[in-house]
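K.L.:
In this note's numbering, the protein residues as written are 27 to 165.
1) If you draw a straight line from the C-alpha of residue 78 to the C-alpha of residue 164, how long is it?
2) Leaving aside the five residues before and after residue 93 along the sequence, list all residues of the same chain whose C-beta is less than 8 Å from its C-beta, in chain order.
3) Where does the unbroken alpha helix (DSSP H) through residue 96 begin, and where does it stop?
4) Quick one: residues in its chain with C-beta nearer than 8 Å to the C-beta of residue 18, no 5 flanking neighbours on either side, listed in chain order?
5) May I have the straight-line CA-CA distance separating residue 106 from residue 156, to the nearest angstrom?
6) Quickly, what does DSSP pair residue 116 with across the bridge? List them, please.
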């Protein structure tokens, strides 16, 4: 049975536990789903795309590192070309360093901020640009 598409949900970190659970829920509720995840997560993301398709939903995978502005811009553009501008977005991409704060080195702190703060803001910016076009905004 094919599910009627009622919107487009873009999920960063879509191959992770929270992203995948949200993708399944969104697909069951009629959203086409764009899973944005690292290339290293391609196998699990593509398995989820197949699972959603077998359930009658629509999904795609786009490889991107949210700490890279050019990756995010390209991923959001590709997702919008596939399913139209998103009507919903979940930014579930993130990284965690299990060390005590006192033990963190500069590289670990930099990566943490690049993914969890800068990456989040780049994703929010691109989502706002694309979502604004649904109501006459400039994009």
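Backbone N, C-alpha and C define an ideal beta-carbon position, used for all residues, glycine too.
P.N.:
On the basis of the data shown:
1) 32 Å
2) 137, 140, 141, 144, 145
3) 95-109
4) As displayed, the chain neither begins before 27 nor continues past 165, which places residue 18 out of reach and without an answer.
5) 8 Å
6) 37
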